[in-house]
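*Asks:*
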Amino acid sequence: MKHRYIPMTDTDRDEMLSAIGIATVDELFEDIPEKVRFKGELNIKPAKSESSLTKELARLAAKNADARTYASFLGAGVYDHYKPIIVDHVISRSEFYTAYTPYQPEISQGELQAIFEFQTMICELTGMDISNSSMYDGGTALAEAGTMAAGHTRRTKILVSETVHPEARDVVVSYAAGQFIDVLTIPQKDGVTDVASLEELLDDNTAAVLVQYPNFFGQVEDIQKIGDITHDKGGLLVVSANPLALGVLTPPGKLGADITVGDAQPFGISEQFGGPHCGYFATTKKLMRKMPGRLVGETTDGEGRRGYVLTLQAREQHIRRDKATSNICSNQALNALAASVAMTALGKAGTKEIAYQNIAKTAYAKSMLEKAGFEVKYGGVHFNEIVVALKKPVKEVNAKLLEKGFIGGYDLGLTYPELSNHVLIAVTEQRTKEEIDALVQEMEAIHA
Amino acid sequence: MHKDNQPLIFEITKAGRIGYSLPELDVPEIDLSSHLSGGLLREESPELPEVSELDIMRHYTALSNRNHGVDTGFYPLGSCTMKYNPKINEAVARFPGFANIHPLQDESTVQGAMEMMYDLQEHLEEITGMDEVTLQPAAGAHGEWTALMMIRAFHEANGESHRTKVLVPDSAHGTNPASATVAGFDTVTVKSNEFGLVDIEDLQSKVGPDTAALMLTNPNTLGLFEEDILQMAEIVHGVGGKLYYDGANLNAVMAKARPGDMGFDAVHLNLHKTFTGPHGGGGPGSGPVGVTKELAPFLPKPILVKEDDRYTFKYDVPQSIGRVKPFYGNFGIYLRAYTYIRSMGPDGLKAVTENAVLNANYMMRRLEPYFDLPYKQHCKHEFVLSGRRQKKLGVRTLDMAKRLLDFGFHPPTIYFPLNVEEAIMIEPTETESKETLDSFIDTMIQIAKEAEENPEIVQEAPHTTVINRLDETKAARQPVLRYIKEEELVNA
Chain A
60 MKHRYIPMTD TDRDEMLSAI GIATVDELFE DIPEKVRFKG ELNIKPAKSE SSLTKELARL
120 AAKNADARTY ASFLGAGVYD HYKPIIVDHV ISRSEFYTAY TPYQPEISQG ELQAIFEFQT
180 MICELTGMDI SNSSMYDGGT ALAEAGTMAA GHTRRTKILV SETVHPEARD VVVSYAAGQF
240 IDVLTIPQKD GVTDVASLEE LLDDNTAAVL VQYPNFFGQV EDIQKIGDIT HDKGGLLVVS
300 ANPLALGVLT PPGKLGADIT VGDAQPFGIS EQFGGPHCGY FATTKKLMRK MPGRLVGETT
360 DGEGRRGYVL TLQAREQHIR RDKATSNICS NQALNALAAS VAMTALGKAG TKEIAYQNIA
420 KTAYAKSMLE KAGFEVKYGG VHFNEIVVAL KKPVKEVNAK LLEKGFIGGY DLGLTYPELS
480 NHVLIAVTEQ RTKEEIDALV QEMEAIHA
Chain B
2 MHKDNQPLIF EITKAGRIGY SLPELDVPEI DLSSHLSGGL LREESPELPE VSELDIMRHY
62 TALSNRNHGV DTGFYPLGSC TMKYNPKINE AVARFPGFAN IHPLQDESTV QGAMEMMYDL
122 QEHLEEITGM DEVTLQPAAG AHGEWTALMM IRAFHEANGE SHRTKVLVPD SAHGTNPASA
182 TVAGFDTVTV KSNEFGLVDI EDLQSKVGPD TAALMLTNPN TLGLFEEDIL QMAEIVHGVG
242 GKLYYDGANL NAVMAKARPG DMGFDAVHLN LHKTFTGPHG GGGPGSGPVG VTKELAPFLP
302 KPILVKEDDR YTFKYDVPQS IGRVKPFYGN FGIYLRAYTY IRSMGPDGLK AVTENAVLNA
362 NYMMRRLEPY FDLPYKQHCK HEFVLSGRRQ KKLGVRTLDM AKRLLDFGFH PPTIYFPLNV
422 EEAIMIEPTE TESKETLDSF IDTMIQIAKE AEENPEIVQE APHTTVINRL DETKAARQPV
482 LRYIKEEELV NA
């Protein structure tokens, strides 16, 4: 058969078969035992031409409600933020996206340098010493931080705050099970980690305390205090931080974090139904050799020219095999590049401005909702999310909002039974005053 | 490519320049210092770049010019399946209805996305011959771990938590033993025989009541089909163990042999290899896992189901190993794989395998006179040469790999698998033309001649790249893992 991705001609095939010294291609498959040889055709859909497949998939995409058509107030770990148009232009350069892991540094300096810059930007934002080149996502990065802490402290218990993203907590539990580590949940009180419960649960076998900053309810936790309590018992403080919020928030590195992880999705990465996003993983110099994932380091060539290589590989699976600290191999390099471009475009001033706008818009939405008679729960400091009590089921309210062109917030009752009829509303810089006003008005109308 | 250093983005920064465009704030201003009181307000801004939009584009364009991708030139990196990345995939992944949908939207608003996922699962089930597929794992290693956790849960459910050993051939990918460790197993290595295949006697002697699973790549990393696969399945199943298929090399057998028919109980696929999700410079990948009915109750949750004409996620899965990733896997990558499968169809996928295998055998036979070929039988999609002969002349495999750079080729995988001395592992893929293969072969032959006649030129290679061989020892001994301003370095 002829296909645009396969250049083989009949003449090519004949010449190649004769060079090999065989008559048919089938002879190359004779080592597959007759009993397991697949005969006939795979029962899958027939091939489609480029234009008809494009049309079919465009129709399928159009069945979904997207954040370009609807005004989205849904966050809960994945956000609709300003994505500089330049991001897609850079990551569409196929020298980047069609390359493999930069194992040959002489012809991979572009990728290596870009990742070195990514590592630097993550260190700057988090206030940590060292960042790796990326992880799958924020949830698995948090899970690996937990298992790394257990390995380092030789302890077998991890405490996770109930205010950490519920799906990330689930992943922490799955990963911990792999290494026979117990995971206990620290309950929340008034929308933040309950410090009294933390003190009760913490003991000499606690490897780490995992918290989120800002937390799942949008509240900014006192992580310094949690860190101090944790360190007193010899445990590590692991902070999962929204890097965009760090444009204005004191970085975890200044507040005692031993490991800071998170997802760089807010920087230039589309929601894409939940992935691929871009986990990041940063730690202290002391823990550098325990960290998972690829690291890019600076060095020189024989002529003294500066260059970049993958380094400290003795930690990794392809060298250490069953003694490796993690099994991660592929990471999220292209998305780390996208995040780098977005962080570069926003730069020093823009990261502060965008974080500020998120706080200001959320404060405005909060005041308007309260004015309209809605209870906004938890009185602490918020970033770009708030918890709002409804008098009707969230699903019902969201269905009506959808008709009016809004994607409503996250139904907290799905994961926090005590918060049924409570919605988590995210207000990013993308939402205009008009949209916020209209949302409040519609919510009022639905409740009238 | 010019050889001057490309400055770091931090070195071309100038205070006062910006590269973004945010709207004016249209809501009342707030006082940040009172909103973020009590030490929450950041005192010093992060030192991020201050550059214009053109500065950014020039910087990254310069970096891209210092990078080699499949679109730049031939990339015969063994075990990595560096085939062409179709452009329709990139277009489809950017449709707003796929790129800008949120994972926690109401299911009724994402039926199109879920329909694609369901259809992809069915396609992968047919291609692998497995009963059920999950799309959740983010990459190959993540898929390995997911499947091993399922196997562990299966044994535990049967009251057999004493099955703590995972068998791995000595030629296996490094992720196999690492995944076994992080899934809580001990690894036992199984030897290869003189033909490069699993030594059946050694396998027989190592299985027992403590065997949880055997992890196998078929064809293996030497590019050889494990002909005794049915016997191996019998041995492992005979002691109550499970058979795990590492799908890294599926490009060798698609539509020719299916893991499910070979007796495998679990399989992971690397959609970024066989199914053209681009490699992206190291990721993101996508590593779906397929299993038999027996293991299906342990699949990670949520499970995607079709009820009448509606798609829904099922969370009530009592025996599930739990979540392995937030949300539903790397949707954007498996959407590309789906687009590819639909572009190829059943005869297309068969042609992929046939041509990948034909290309590899052609290269192997043409190179055989010039390099040591440790295993002589027909290969599948890749083959492994040894640089032993050249090493005796003082030219190592590493040197030959670096010499290839001077001719615009990405070198093959080297020093892997571990059971071949001075290994050179070549995987051409089906998307390369005979002209490209011939040009690479001729270059390899020339390098073999240089090794005899003019070894220095190989030993000192590369000569034409933007940078020469880098000091990796220095990088590891004195790690510099981030940029630090010169004045801060002086103060430190």
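The listed protein sequences correspond, in order, to chains A and B. Under the working numbering, the first residue of the first sequence carries the number 60, and numbering increases by one thereafter. Under the working numbering, the first residue of the second sequence carries the number 2, and numbering increases by one thereafter. Note that the Cβ used here is the ideal one computed from N, Cα and C, for glycine as well.
Which residue wins for smallest C-alpha separation from Ala338(B), given the options Met150(B), Asp27(B), Glu91(B) and Gln112(B)?
*Replies:* Looking at the Cα atoms, Glu91(B) is the closest of the given residues.
*Asks:* Using a Cβ cut-off of 9 Å, which residues of the stretch 246-270 of chain B contact any Cβ in chain A, in chain order?
*Replies:* Hits within the stretch, in order: Val254, Met255, Ala256, Lys257, Ala258, Arg259, Asp262, Met263 and Gly264.
*Asks:* Quick one: what does DSSP say Ile442(B) is sitting in, helix, strand or coil?
*Replies:* If DSSP states are grouped into helix, strand and coil, Ile442(B) belongs with the helices.
*Asks:* Please state the DSSP three-state secondary structure of Arg52(A).
*Replies:* Beyond the ends of chain A as shown, which are 60 and 507, falls residue 52(A); an answer cannot be given.
*Asks:* Counting pairs of Cβ atoms below 8 Å between the stretch 328-342 of chain B and the stretch 273-291 of chain B, do you hit three or more?
*Replies:* Yes: the two stretches touch, three or more of their Cβ pairs being nearer than 8 Å.
*Asks:* If you pair each beta-carbon of the stretch 123-141 of chain B with each one of the stretch 259-275 of chain B, do three or more pairs fall below 8 Å?
*Replies:* Taking 8 Å as the limit for Cβ pairs, the verdict is that the stretch 259-275 of chain B does touch the stretch 123-141 of chain B.
*Asks:* I need the straight-line Cα distance from Asp85(A) to Gly197(B), nearest angstrom please.
*Replies:* Answer to the nearest angstrom: the Cα atoms are 22 Å apart.
*Asks:* Alpha carbons only, please: which of Met427(A), Leu295(A) and Val137(A) is nearest the one belonging to Lys492(A)?
*Replies:* Ranking Met427(A), Leu295(A) and Val137(A) by Cα distance to Lys492(A) puts Met427(A) first.
*Asks:* Excluding the five sequence neighbours on either side, which residues of its own chain have a C-beta within less than 6 Å of the C-beta of Leu295(A), listed in chain order?
*Replies:* Only Ala208, Ala267 and Asp317 meet the Cβ criterion.
*Asks:* Mind checking if Thr289(A) is an interface residue toward chain B, Cβ cutoff 7 Å exclusive?
*Replies:* No, Thr289(A) lies away from the interface with chain B (no Cβ there is under 7 Å from its Cβ).
*Asks:* 7 Å is my cut-off, CB to CB: does Gln168(A) come that close to chain B?
*Replies:* It does; some Cβ of chain B falls within 7 Å.
*Asks:* Which residues in chain A have a C-beta closer than 9 Å to the C-beta of Ile31(B)? List them in chain order.
*Replies:* Here the neighbours are Tyr415, Ile418, Ala419, Ala422 and Tyr423.
*Asks:* Beta strand (DSSP E) containing Phe417(B): first to last residue?
*Replies:* Run containing Phe417(B): none; DSSP gives neither H nor E here.
*Asks:* Buried or exposed: which applies to Phe465(A), given that a residue is buried once 16 or more other Cβ atoms fall within 10 Å of its Cβ?
*Replies:* That one is buried.
*Asks:* Can you name, in chain order, every residue of its own chain whose Cβ lies under 7 Å from the Cβ of Gly472(A), other than the five neighbours on each side?
*Replies:* Within the same chain, Gly472(A) has close Cβ partners Val453, Leu478, Ser479, Asn480 and His481.
*Asks:* For my contact list, Leu483(A) and Ile89(B) are in at a C-beta cut-off of 8 Å; report their separation, rounded to the angstrom.
*Replies:* In fact, because the Cβ distance is near 37 Å, the residues do not count as touching under 8 Å.
*Asks:* When burial is assigned at 16 or more other CB atoms within 10 Å of the CB, is Glu126(A) buried or exposed?
*Replies:* This sequence places Ala at residue 126(A); Glu is not what is there. That one is buried.
*Asks:* If we ignore side chains and look at the alpha-carbon of each, how far apart do Pro170(B) and Asp203(B) end up?
*Replies:* Approximately 10 Å between the Cα atoms of the pair.
*Asks:* Using the rule of at least 16 other Cβ atoms within 10 Å of the residue's Cβ for burial, across every protein chain shown, is Asp262(A) buried or exposed?
*Replies:* Asp262(A) comes out exposed.
*Asks:* Please list the partners that Val137(A) has in chain B, where partner means a Cβ-to-Cβ separation under 9 Å.
*Replies:* In chain order: His103, Pro104, Leu105, Pro327 and Phe328.
*Asks:* Do Ala392(A) and Gly282(B) have their C-beta atoms within less than 7 Å of each other?
*Replies:* Yes. Within cutoff.
*Asks:* DSSP has Ser34(B) in a bridge; who is on the other side?
*Replies:* In the DSSP output, where bridge partners are listed per residue, Ser34(B) has none listed.
*Asks:* My guess is that Thr185(A) and Pro310(A) are in contact by the Cβ rule of under 8 Å, so how many angstroms apart are they, rounded?
*Replies:* 5 Å between Cβ atoms; contact.
*Asks:* Quick one, which residues of the stretch 356-376 of chain B are near chain A if we go by CB-CB under 7 Å, in chain order?
*Replies:* If the cut-off is 7 Å between Cβ atoms, the stretch 356-376 of chain B has Asn356, Val358, Leu359, Asn362, Tyr363, Arg366 and Arg367 near chain A.
*Asks:* Within 7 Å of any Cβ in chain A, is that where the Cβ of Val292(B) sits?
*Replies:* No, no contact with chain A.
*Asks:* Decide if Met2(B) is buried, meaning its Cβ has at least 16 other Cβ atoms within 10 Å, or exposed.
*Replies:* Here Met2(B) scores only 48 on pLDDT, less than 50, and its place in the model is too uncertain to base an answer on.
*Asks:* Taking just the CA atoms, how far does Tyr21(B) sit from Glu429(A)?
*Replies:* One C-alpha to the other measures close to 33 Å.
*Asks:* By Cβ distance, which residues of its chain are closer than 8 Å to Ala235(A), with the 5 residues on each side in sequence left out?
*Replies:* Same-chain partners within the cutoff: Ala202, Gly205, Thr206, Ala209, Ile217, Asp241 and Val242.
*Asks:* Between His336(A) and Ile174(A), what straight-line distance do the alpha-carbon atoms span, to the nearest angstrom?
*Replies:* Approximately 16 Å, taken between the alpha carbons.
*Asks:* In angstroms, rounded to a whole number, what distance separates the CA positions of Glu494(A) and Tyr437(A)?
*Replies:* Going by the C-alpha atoms only, they are around 24 Å apart.
*Asks:* Verify whether the separation of the beta carbon atoms of Asp187(B) and Lys166(B) is less than 7 Å.
*Replies:* In contact: Asp187(B) and Lys166(B) (Cβ atoms closer than 7 Å).
*Asks:* Within 10 angstroms of the Cβ of Ser172(B), are there 16 or more other Cβ atoms? Answer buried if so, exposed if not.
*Replies:* When all chains shown are included, Ser172(B) counts as buried.
*Asks:* Are there 16 or more other CB atoms within 10 angstroms of the CB of Gln106(B), so buried, or fewer, so exposed?
*Replies:* By the neighbour-count rule (16 or more Cβ atoms within 10 Å), Gln106(B) is buried.
*Asks:* Around the Cβ of Arg164(B), are there at least 16 other Cβ atoms within 10 angstroms (buried) or fewer (exposed)?
*Replies:* With 16 or more Cβ atoms within 10 Å of its Cβ, Arg164(B) is classed as buried.
*Asks:* Under 8 Å by Cβ, that's how I've got Pro285(B) and Asn394(A) pegged, so tell me the actual separation to the nearest angstrom.
*Replies:* Indeed they touch by this definition, with Cβ atoms about 6 Å apart.
*Asks:* Is there a C-beta anywhere in chain A that falls below 7 Å from the one on Met2(B)?
*Replies:* Here the model assigns Met2(B) a pLDDT of 48, short of 50, so the residue's position is not dependable and the matter cannot be decided.
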